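A short worksheet on the structure shown next.
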Amino acid sequence: MNWTCLHLITQPEHVELLSDLLVAQEIYEFSVQDPREFSEYLETSVYYDYVEDKLLAQKDAIICIYAPENGQGEEKKERALRAMEQARQMGADVSLKTSGLREEDWMNNWKKYFKPTKIGEKMLIKPSWEPLPEGNTRIVLEIDPSSSFGTGTHETTRLCIQALEELVAPGDEVLDMGCGSGILAVAAKLLGAGSVTGVDIEEDSIRVSRENAARNGIAEQDFRLFLGNVLMDEALAGQIGDRQYDVIAANIVADIIKAMIPLFRRYLRPEGKMVCSGIIIERAEEVRDALLAGGLKVLQVCKDGEWAAIIAQNQA
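Numbering (this note's numbering), first residue to last: 844 to 1159.
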């Protein structure tokens, strides 16, 4: 199968707006080339000795969305174009370029950018094809997310893992709502959780989560996975709720987090804690207020770049 890459080109200050509109169109997997991040890297890093002039000259931000060349891909393109038009109506200058990509390039091109990365105070995320850094003393989470999932270095993932480092105690029951590649569920288990449960609406998420759990030596009986929409399927909600959880992680989007608040209350044990992210800073107060109104105590709002995470606790 071949692929089409949609390059949405805009000003850096409109990246967050366009990203949020894409998520609203249920497009969750895309990459962002933001010249602001590159400039920050050059100012703070000593690990480079040559930079191409064209990179230094880049002023625009580029959001790349990959769509397969089939009916499903055409529908995804239409949703991306709707998000682009909405951004234009809100004052953003957005242009579009397209390029093709062969299957063999698609499967391997992204790997060259994924290097071992320190997250929080305890974790090191590493792809299987990279060697372990010499002298490493951190907990190693090895993940091969494939081209369809993030590498674990996004701000929202960092925020969640940093929170899990503080929240997870030995033997805890942990629930990952919207597990994606399984990175948060795997991290929780490596941090000492007794067992973890993950749920997602995508079959690929369940498959990749299972693979990543096995890659990190996690036994199947300690890593439950459920496929389906927990908001729409009460039978599924009941299966997941066969126990109470000490910790819940939900790295999704603001509207889904708000819709899941009754489930958070239902699933968390009294005094149990949760971290939710996938929230742009502009909506953090809205989500915080919804959590409070739903009966949860907000303990902390954390920020990283343009993203926020909220740590909350169930009331006894």
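Positions of the beta carbon are idealized from the N, C-alpha and C atoms, including for glycine.
Quick caveat, the model's predicted, so the values are computed rather than measured.
Taking C-beta to C-beta, are V1042 and V1090 nearer than 8 angstroms? Their beta carbons are not under 8 angstroms apart, which means V1042 does not touch V1090 by this criterion.
Nearest residue (CA-CA) to F1066, options I905, A1080 and R1050: The alpha carbon of F1066 has as its nearest neighbour, out of I905, A1080 and R1050, the alpha carbon of R1050.
Is the distance from the Cβ of N1059 to the Cβ of L1106 below 8 angstroms? It is not a contact, given that the beta carbons lie outside the stated cut-off.
Which residues does DSSP pair with I1154 in a beta bridge? In DSSP, I1154 forms a bridge with V1118 and Q1143.
Check C907 in the structure and name its three-state DSSP category. Of the three classes helix, strand and coil, the one that applies to C907 here is strand, per DSSP.
L864 classed as buried or exposed, judged by whether at least 16 other C-beta atoms fall within 10 angstroms: Buried, because 16 or more other Cβ atoms sit within 10 Å of the Cβ of L864.
Helix, strand or coil: which one does DSSP assign to H857? Helix, per DSSP.
Might you give, ordered along the chain, the residues of its own chain that have their beta carbon closer than 8 angstroms to the beta carbon of G1037, omitting 5 neighbours on each side? Excluding positions up to five away in sequence, the list reads P1013, G1014, D1015, E1016 and D1065.
Closest by C-alpha distance to T941, when choosing among K1140, I852, K902 and I1004: Closest option to T941, judged by alpha-carbon separation, among K1140, I852, K902 and I1004: I852.
Since R1108 and L1139 are thought to touch, with beta carbons under 8 angstroms apart, how far apart are those beta carbons, to the nearest angstrom? Right, the Cβ-Cβ distance comes to about 7 angstroms (below 8 angstroms), so this counts as a contact.
Given a threshold of 16 other Cβ atoms within 10 Å of its Cβ, counted over all protein chains shown, does G1021 qualify as buried or as exposed? Counting Cβ neighbours within 10 Å, G1021 comes out buried, since at least 16 surround it.
Simplified DSSP state of G943, which is helix, strand or coil: Here G943 sits in strand by DSSP.
Taking all protein chains shown into account, do 16 or more other C-beta atoms lie within 10 angstroms of the C-beta of L1007, making it buried, or fewer, making it exposed? With 16 or more other CB atoms across the displayed protein chains lying within 10 angstroms of its CB, L1007 is buried.
Any 3 or more C-beta pairs closer than 8 angstroms across the region 1088 to 1102 and the region 1022 to 1033: Between the region 1088 to 1102 and the region 1022 to 1033, the count of C-beta pairs closer than 8 angstroms reaches three or more; the two stretches touch.
Label S1048 either buried or exposed according to how many other C-beta atoms from any shown protein chain fall within 10 Å of its C-beta, with 16 as the threshold for buried. The residue is buried, with at least 16 neighbouring Cβ atoms inside 10 Å.
DSSP three-state call for Q876: helix, strand or coil? Assigned with DSSP and collapsed to three states, Q876 falls in strand.
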